[in-house]
Amino acid sequence: MCGIVGYLGKKEKTISVLIEGLKALEYRGYDSAGIAYQKENKIKITKSVGRLQNLEQKIKIENTVLGIGHTRWATHGKPSTTNSHPHQVGSITLVHNGIIENYIELKQFLEKHNYQFQTETDTEVATALIDYCYQETKNMISALKRAQKELKGSYAFAILNNEEPNILYAMKKESPLILGKTKEELFLASDPMAICAYTNNICYLKEGSILKLEPKKITLIEENETIPIWVTLDMEQTKCSKNGYDHYMLKEIYEQPDVIYNTVMPYLENNLENLHKMPNFNQYEKIQIVACGSAYHTGLVGKWMLEGVGNIPVEVEIASEYRYKKVFYDKKTLVIVVSQSGETADTLASLRKANKDNIDTLAIVNVITSTIAREAKYVLPVKAGIEIAVATTKAYLAQLALFSLITLKLMIEKKLIENEELEELLAHYQKLPIKIKKLLKELNVKELASKTYKNEDIFFLGRGIDYAICTEASLKLKEISYIHSEAYAAGELKHGTISLISKKTPVFSLVTDKEISEKTISNIKEVKARGAYSIVITTGQLDEKSDYYDDKIVIPNTHFLLQPILNIIPFQLLAYEIAKLRNCDIDKPKNLAKSVTVE
Ligand code: M6R
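In my numbering, the protein residues as written are 216 to 814.
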């Protein structure tokens with residue numbers, strides 16, 4: 216999603232800080248980019264569609280102390296040079312993350328005041344509005360305060376005024392924006408990744424902040440604050456390289472044994488000391504899990520764990536629906552939001568909805584400095600480290616592990632687990648990282664990928680917990696390989712979708728839940744009878760001569776609460792290998808963004 220970088224500092228450094236900052240934000244997804252900088256009391260703008268190298272080729276390296284840069288992920292108007300940021304109207308040049316919801320009425324108002332518009336964007340309207348307010352007052356802070364009253368929606372702006380050289384303004388609401396500093400330089404960014412090469416001294420701007428940056432001087436206008444609260448960025452969180460792998464996604468898949476170790480072990484040490492410090496889940500009568508995309512899929516697995524094993528009713532909701540619907544919760548409800556980035560707009564809005572109603576909230580979140588992590592009542596950190604590939608793998612896996620730990624805590628609180636079984640489960644946790652490592656070493660899905668990558672439809676079947684895993688398997692495949700795919704609860708297929716199964720349609724069936732495996736096998740037979748190319752993924756020893764599958768993958772067994780953590784791994788690798796055979800841009804799939812900061 217869109218990215219912002221701003222710089223006020225050393226004249227020989229500005230352009231490179233902007234470009235390197237934008238490069239560091241590439242992982243978030245974008246379709247065009249641009250920069251603006253001040254040169255001899257003028258603002259110069261360069262923009263371009265497509266990858267950053269197109270922009271780099273156009274940029275003239277000049278000495279300048281002040282500049283702003285942007286990567287755009289189109290929302291209003293197609294990706295084009297005209298629609299890309301920075302936008303300039305009158306005295307104002309700015310870049311914007313977020314969505315201005317009332318831009319049509321603002322546009323009509325501004326047109327009556329002789330403003331003309333060149334683009335299809337909401338951002339150009341915001342630029343004109345700030346210019347309009349500035350021309351009335353000739354005072355930028357008053358202008359920004361006034362614009363703030365008129366603008367509806369979300370925004371993080373970095374703003375230049377060509378009548379005020381050497382000054383960088385910023386303003387934010389519901390879109391992340393941080394300020395960074397060194398002795399002689401000031402930075403703005405929508406994500407610490409953009410500036411962590413230069414400083415670890417940062418300040419997270421609060422809702423409604425207005426900021427004026429002059430050389431070595433910061434003026435902050437916030438509701439209760441005029442002095443920035445500086446924090447030290449954990450640089451470990453920002454380190455990233457492919458480490459010899461062809462893609463970040465593959466590297467992140469192979470990091471999973473360590474990620475599970477780092478996420479789980481702190482809870483198991485010292486006689487489960489940290490597990491006991493988790494909130495008391497037994498005080499709740501219901502749990503609502505709210506998230507988007509893969510994080511929603513972990514919620515589906517979490518529901519199975521918490522209901523099936525922890526014996527508590529669970530509702531799993533898509534955040535973009537939850538935020539606008541009538542929700543039934545009370546003091547006995549715990550709302551769990553799940554997010555890798557901690558900035559997903561709909562998940563954040565859902566969290567705020569529950570917070571506003573004084574409902575207890577808990578965030579399972581990877582980016583620990585994110586807005587969601589800062590606003591939730593309780594936080595369980597996912598120790599996945601920075602995840603660069605748009606398709607999540609290691610963060611998803613660690614989220615599953617945290618749901619298993621919440622379930623374990625609940626089982627202990629409710630006395631649903633005897634000592635002996637607890638010891639056995641803890642031993643399985645200890646062995647889990649090694650099992651994942653072994654599975655990754657031994658799995659070879661390349662042949663299966665080569666048999667299936669030319670298909671345009673692939674299906675994933677499972678029941679219960681296996682179906683929940685299939686939803687993620689299907690998303691992984693479609694987001695990086697662009698193959699149409701669906702996950703189906705095995706028993707539901709014959710109620711319509713089986714009509715899509717024809718000769719050689721690949722159907723991957725996950726069969727690990729022994730209690731209902733016979734039922735799933737009956738459903739596999741139904742698709743096989745219709746000509747499907749059937750691949751079974753199982754923990755059991757299936758009959759070698761069976762007539763209901765053409766290929767199989769065997770996954771090692773573990774405790775049933777941890778089994779889903781192993782089950783997804785073959786599907787992650789399969790999606791990766793298929794996407795590779797189709798020459799897809801695996802780490803940056805088309806149309807997708809790593810962090811979806813607009814609704
Ligand atoms: O950062 P979040 O976990 O809140 O993101 C939610 C989804 O946008 C995300 O999981 C998305 O579905 C991924 N591309 C899946 O790989």
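Glycine residues also receive a C-beta, built at the ideal position from the N, C-alpha and C atoms. If you're wondering where the values come from, they're calculated on a predicted model, not measured in any experiment.
Check: residue i C-beta below 8 Å from any heavy atom of the ligand M6R
| i | result |
| --- | --- |
| Leu807 | yes |
| Tyr611 | yes |
| Leu223 | no |
| Thr576 | no |
| Ala688 | no |
| Gln555 | yes |
| Ser369 | no |
| Glu422 | no |
| Cys685 | no |
| Cys217 | no |
| Gly508 | yes |
| Thr607 | yes |
| Ser535 | no |
| Ser700 | no |
| Lys598 | no |
| Ser810 | yes |
| Thr586 | no |
| Lys691 | yes |
| Glu558 | yes |
| Glu694 | yes |
| Thr290 | no |
| Thr562 | yes |
Outcome for residue i when other beta-carbon atoms lying within 10 angstroms are tallied against a minimum of 16
| i | result |
| --- | --- |
| Phe543 | exposed |
| Lys364 | exposed |
| Ser585 | buried |
| Tyr539 | exposed |
| His462 | buried |
| Thr441 | exposed |
| Pro771 | exposed |
| Ser724 | buried |
| Gln787 | buried |
| Ala534 | buried |
| Glu639 | exposed |
| Leu715 | exposed |
Other residues of its chain near residue i: CB distance less than 6 Å, five sequence neighbours each side excluded
| i | result |
| --- | --- |
| Val594 | Ala578 and Ala588 |
| Lys592 | Asp575 and Thr576 |
| Gln778 | Thr727 |
| Ser554 | Ala510, Thr562, Val580 and Ile587 |
| Glu339 | His302 and Phe332 |
| Lys598 | Asn477 and Thr478 |
Chain B contact for residue i (CB, 9 Å cutoff)
| i | result |
| --- | --- |
| Lys709 | Of the protein chains in this structure there is only one, and it is not chain B. |
Cut-off 8 Å between Cβ atoms - residues of its own chain near residue i, not counting five sequence neighbours on either side
| i | result |
| --- | --- |
| Glu277 | Ile230, Tyr252, Lys254 and Lys259 |
| Arg567 | Glu590 |
| Asn381 | Leu223, Gln253, Val280, Leu281, Glu429 and Pro430 |
| Asn256 | Asn377 and Pro380 |
Neighbourhood of residue i by C-beta distance below 7 Å, restricted to the same chain and skipping five residues each side
| i | result |
| --- | --- |
| Asp346 | Val304, Gly305, Ser306 and Ile307 |
| Glu235 | Ala412 |
inquiry  = Does the stretch 370-385 come into contact with the stretch 414-426, if we say contact requires no fewer than three beta-carbon pairs (one atom in each stretch) closer than 8 Å?
reply    = Between the stretch 370-385 and the stretch 414-426 there are three or more C-beta pairs closer than 8 Å, enough to call the two in contact.
message = Measuring CB atoms only, is the stretch 464-475 touching the stretch 603-611, in the sense that at least three cross pairs come out at less than 8 Å?
response = Enough Cβ pairs lie closer than 8 Å, so yes.
task = Would you be able to state if there are at least three C-beta pairs under 8 Å between the stretch 658-676 and the stretch 684-702?
result = Short answer: they touch.
ask   = Is the stretch 520-527 in contact with the stretch 620-629, if contact means three or more CB pairs nearer than 8 Å?
value = Yes: at least three Cβ pairs fall under 8 Å.
message = With a threshold of 8 Å, are at least 3 pairs of Cβ atoms found where one atom belongs to the stretch 525-540 and the other to the stretch 635-642?
response = No contact exists between the stretch 525-540 and the stretch 635-642.
query = For the stretch 646-663 against the stretch 683-697, are there 3 or more C-beta pairs whose distance is under 8 Å?
reply = The count of Cβ pairs closer than 8 Å, one atom from the stretch 646-663 and one from the stretch 683-697, stays below three, leaving the stretches out of contact.
query = Using 8 Å as the threshold, is the stretch 376-385 in touch with the stretch 296-310, meaning 3 or more CB pairs across them?
reply = They touch, by the three-pair rule.
request  = Would you check if the stretch 284-297 and the stretch 239-247 touch, i.e. whether three or more CB-CB distances between them fall below 8 Å?
outcome  = Verdict: yes, contact present.
ask   = How do the stretch 748-756 and the stretch 637-651 stand: do at least 3 beta-carbon pairs fall below 8 Å, yes or no?
value = The stretch 748-756 makes no contact with the stretch 637-651: fewer than 3 CB pairs, one atom from each, lie closer than 8 Å.
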